[in-house]
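Undergrad: Provided herewith is a single structure, encoded as structure tokens, for subsequent inquiry.
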Amino acid sequence: MSRSVAVVGAGLAGVATAYELAAQGLRVHVFERGGSVAEQASFASNAVLSPCVPHLDDTTSPAPLSWRWRRWRAGRRGGDAASALAALSQFSLARTAELRRVLGLEDESAEGLLVALVDARRMAAAQARLDGWKALGLQAELIDAEAARLREPGLNTEAPLVGALVFAGGGAGNARLFAQQLRQQAQRLGAGFRFHSTVRAIAADGAGLTLRHEYTPPAEAPTRTAGADRDAGDTHPQVPGPQDERFDAIVLCNGLDAATLLDPRLPLAALHEASVTAPLRMLEAHPDLGPGAAWVDPSRGLSIARIGHRVRVSGGTTVTQARTRVTPDFEALHRGLQHWFPGSVLHQQVQQGQSRRAMPADGLPIMGASGRPGLWLNLSTGDGGWGLACGAAHVLAQQIAAQAPALDIGPLGPQRLA
Ligand SMILES: Cc1cc2nc3c(=O)[nH]c(=O)nc-3n(C[C@H](O)[C@H](O)[C@H](O)COP(=O)(O)OP(=O)(O)OC[C@H]3O[C@@H](n4cnc5c(N)ncnc54)[C@H](O)[C@@H]3O)c2cc1C
């Protein structure tokens, strides 16, 4: 009989991991606290599919002192991790494109990723970094403001712009739609999804791993409107009270909450980010209102992406202790959108979102063997979680199935944080 693997969390990381494990012929069981896939960070995701570019922030915006210190320290210890991440992110973009094509996934995707360079200092710094990025295999190109405006004709002509960085393979899409469709493909391969199931603890003995989970239904039955948007029912009947089940392997894909299931706990802070989504204004006289794909402005700390007939802006990242709450500044996101794409959305129908992700001291994702036999981690941390999801899942599934992995992601393992 094939080995059984539990996946904890059904965000993009968990769904992609479930699909790749099932594709390896393993028996997969996904446990998700919420009522649907992609309800947390993956719901708020700004839809930008981007390679991970080391030092992009240093180049383009004056980062706060605490961040510069963290990056300096990570840079001293983690050059290998940054290279592994750059390679994984490119592999992952290619895997995402392959899954879209082979499985026929339709997630409102749009090709193109531009990073704004708003003054001469940032342009010069990007120029100085270009060869280093190319040495990492990143296909990066510098273009002037005129060329950037040709690629994104909806850009405000009054907004100061010196040029832009173009990264090949980048673009935008609807992360939630992608996760919902990939879940169906995983189920087609035999993966089971248990919603409203919270994993409380994981225990190991010589023979394998025991996972304690508990059915945690929502406090109120979903209303018709709220329920319409949810995935069809659970694929397993649920029993009240804590249940223990044994698995050959477990993959934690539950972001910041993974810390509570690990002993010793991982030292993780919380990275908060907010988003606003609004319908694009459709005017025949101005067909190019709004972004065509993904536009990133590190000087304002925001990303703007086209998702079908909507525009999503995200930003305002704040790092706090794991349990601290923050009040998002949604107005700053509206101002940023107005600055770059004025009048492009209908402000009456705006959706606001806020979510948090895990943030280790070096800001890099935590992926690979946990150090406890059979327990694996797939915790994306910074901004590129969607971009990384499919590649990381593919490599981890190969490792769990005892296949030769397509890439060495060893430097991204949790041991570096010890
Ligand atoms: C505002 C915002 C904008 C972003 N923009 C981008 C972007 O433009 N591009 C990009 O690549 N990335 C972006 N990201 C990051 C990206 O969305 C995430 O990294 C990505 O979605 C991966 O999410 P995940 O699956 O790791 O986590 P999540 O989507 O948060 O999923 C974790 C799941 O685990 C479940 N869970 C937690 N604990 C338990 C438990 N004990 N038992 C059972 N289930 C549990 C949760 O309910 C949740 O569904 C953005 C994130 C945010 C918040």
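The opening position of the sequence shown corresponds to residue -7 in the working numbering, with each subsequent residue numbered one higher. For every residue, glycine included, the Cβ atom is placed at its ideal position computed from N, Cα and C. None of these values were measured; they are calculated from a predicted model.
Under the criterion of a Cβ to heavy atom distance below 7 Å, does Gln172 qualify as lining ligand 1?
TA: Not so, every heavy atom of ligand 1 lies at least 7 Å from the Cβ.
Undergrad: I'd like the list of long-range same chain contacts for Pro209, defined as Cβ closer than 6 Å, with 5 residues on each side in sequence excluded.
TA: Only His188 meet the Cβ criterion.
Undergrad: Looking only at C-alpha atoms, which of Ala108, Ala241, Gln230, Ala137 sits nearest to Val(-1)?
TA: Minimum Cα distance to Val(-1) is reached at Ala241.
Undergrad: Could you tell me the distance, in whole angstroms, from the CA atom of Pro320 to the CA atom of Arg(-5)?
TA: Computed Cα separation, rounded: 44 Å.
Undergrad: Please work out which residues of its chain come closer than 8 Å, Cβ to Cβ, to His339, disregarding the five sequence neighbours upstream and downstream, and give them in chain order.
TA: Excluding positions up to five away in sequence, the list reads Ala270, His326.
Undergrad: Using 8 Å as the cut-off, can you tell me whether the segment 124 to 141 makes contact with the segment 305 to 321, which would need three or more C-beta pairs spanning the two stretches below that distance?
TA: These segments do not touch.
Undergrad: Does DSSP put Ala381 in a helix, in a strand, or in coil?
TA: Note: Ala381 maps to helix in three-state DSSP.
Undergrad: In the structure shown, what three-state DSSP assignment does Thr312 receive?
TA: Thr312: strand per DSSP, three-state reduction.
Undergrad: With DSSP as the reference, label Ala132 as helix, strand or coil.
TA: Note: Ala132 maps to strand in three-state DSSP.
Undergrad: In terms of alpha-carbon separation, which member of Pro406, Ala286, Leu369 lies closest to Gly162?
TA: Answer by Cα proximity: Ala286.
Undergrad: At a cut-off of 7 Å, would you count Val411 as near ligand 1, judging by its Cβ distance to the nearest heavy atom?
TA: Beyond the ends of the chain as shown, which are -7 and 410, falls residue 411; an answer cannot be given.
Undergrad: Start and end of the alpha helix (DSSP H) containing Asp236?
TA: No alpha helix (DSSP H) holds Asp236; the beta strand (DSSP E) holding it covers 234 to 239.
Undergrad: So for Pro406, helix, strand or coil by DSSP?
TA: It is helical.
Undergrad: In angstroms, rounded to a whole number, what distance separates the CA positions of Ala385 and Ala396?
TA: Each residue's Cα considered, the two are about 14 Å apart.
Undergrad: Identify, in the order they occur along the chain, each residue of the same chain with its Cβ nearer than 6 Å to the Cβ of Ala183, setting aside the five sequence neighbours on each side.
TA: Contacts found: Ala10, Ala14, Val20.
Undergrad: At 3 residues or longer, and completely inside the segment 101 to 146: list those beta strand (DSSP E) runs for me, N to C.
TA: Entirely contained in the segment 101 to 146, the beta strand (DSSP E) runs reaching 3 residues are, in chain order, 105 to 109, 132 to 136.
Undergrad: Restricting to Cα atoms, I'd like to know which of Asp197, Asp289, Val243 is closest to Leu109.
TA: When each option's Cα is compared against that of Leu109, the closest is Asp289.
Undergrad: For a test of the three-state rule: what should DSSP assign to Leu399, helix, strand or coil?
TA: Leu399 falls in the coil class under three-state DSSP.
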